[in-house]
Amino acid sequence: GQQVMQIPQYQHVQEGEDFTTYCNSSTTLSNIQWYKQRPGGHPVFLIQLVKSGEVKKQKRLTFQFGEAKKNSSLHITATQTTDVGTYFCAGLSGYNYGQNFVFGPGTRLSVLP
Amino acid sequence: DAGVIQSPRHEVTEMGQEVTLRCKPISGHDYLFWYRQTMMRGLELLIYFNNNVPIDDSGMPEDRFSAKMPNASFSTLKIQPSEPRDSAVYFCASSLGLAGLYNEQFFGPGTRLTVL
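Chains as they are written, first to last, in the working numbering: chain A, 535 to 647; chain B, 195 to 310.
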């Protein structure tokens, strides 16, 4: 079945440093979504990427979808303590949910002030 | 809108007991998802509904788990009998599907289930 991996599993940064998490799928994706989950909270949608090579920005966050639509990345510039949480990618490999929609294991980010 | 509502927020029960988790999706959303989150397995999609109809329940771990959606504003996830390995946070999420587009999912606050 489809597998989605993320690296790194954990990342500790000093406030102001940059952060990047990578998402890799075993299969070609129709789209990919990114979510953030604060400690003790629930996943909150950040963005969706659909097109090959697509790049989207949200303030200090930059999201990229690979040309082959099998990988994606999230880059945060100049991290802040409010960026703390776990970042998940979720990929849809077909055109239906169910077994085609898989969350990665997440990257847990901690930001030291 | 109040967002996705789940109840209870916390549930502690003993092995063998029946557990019912409840979810009210965002009004107007036609997709509803049930997820389970554990440290070991991460976020797993258990089942999803479209217009109150279960579409794919292949993620439901075993026959002890069942889910229903009797109307557009209510869904339940039932575990009977519960086992300690069912301890997890269960999330409900809803989304608005638009003719082939897959939109953001809005998650509820979750139900933290502990089975002793």
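For every residue, glycine included, the Cβ atom is placed at its ideal position computed from N, Cα and C. These figures come from a predicted structure and were not determined experimentally.
Give a yes or no on whether 8 Å exceeds the smallest Cβ distance from residue i to chain A.
i                      : result
residue 239 of chain B : yes
residue 298 of chain B : yes
residue 259 of chain B : no
residue 285 of chain B : yes
residue 243 of chain B : no
residue 255 of chain B : no
residue 303 of chain B : yes
residue 293 of chain B : Summary for residue 293 of chain B: the model assigns pLDDT 46, below 50, so the residue's position carries little reliability, and this model does not support an answer.
residue 210 of chain B : no
Excluding the five sequence neighbours on either side, which residues of its own chain have a C-beta within less than 8 Å of the C-beta of residue i, listed in chain order?
i                      : result
residue 267 of chain B : 218, 219 and 221
residue 647 of chain A : 549 and 615
residue 254 of chain B : 240, 241, 260 and 261
Among the residues of its own chain, which have a CB less than 7 Å from the CB of residue i, if the five just before and after it don't count?
i                      : result
residue 237 of chain B : 229 and 231
residue 640 of chain A : 540, 620, 621 and 622
residue 304 of chain B : 200, 283, 284 and 285
Is there at least one Cβ from chain B nearer than 8 Å to residue i's Cβ?
i                      : result
residue 567 of chain A : yes
residue 577 of chain A : yes
residue 635 of chain A : yes
residue 628 of chain A : no
Taking the beta strand (DSSP E) that residue i belongs to, which residues open and close that run?
i                      : result
residue 642 of chain A : 641–646
residue 236 of chain B : 236–244
residue 290 of chain B : Residue 290 of chain B -> no beta strand (DSSP E), and no H or E assigned at all.
residue 546 of chain A : 544–548
residue 226 of chain B : 225–232
residue 540 of chain A : 538–541
residue 201 of chain B : 199–201
Which same chain residues end up closer than 6 Å to residue i when comparing Cβ atoms and leaving out the 5 residues on each side of it in sequence?
i                      : result
residue 249 of chain B : 242
residue 637 of chain A : 622 and 624
residue 561 of chain A : 536 and 627
residue 609 of chain A : 554 and 596
If you count every other CB in all the chains shown that lies within 10 Å of the CB of residue i, and 16 or more means buried, which is it?
i                      : result
residue 265 of chain B : exposed
residue 247 of chain B : exposed
residue 204 of chain B : exposed
For the region 551–632 of chain A, list the beta strand (DSSP E) runs that are entirely contained and at least 3 residues long, ordered along the chain. Runs of the beta strand (DSSP E) inside the region 551–632 of chain A: 553–559, 565–571, 578–583, 589–592, 595–599, 605–610 and 619–626.
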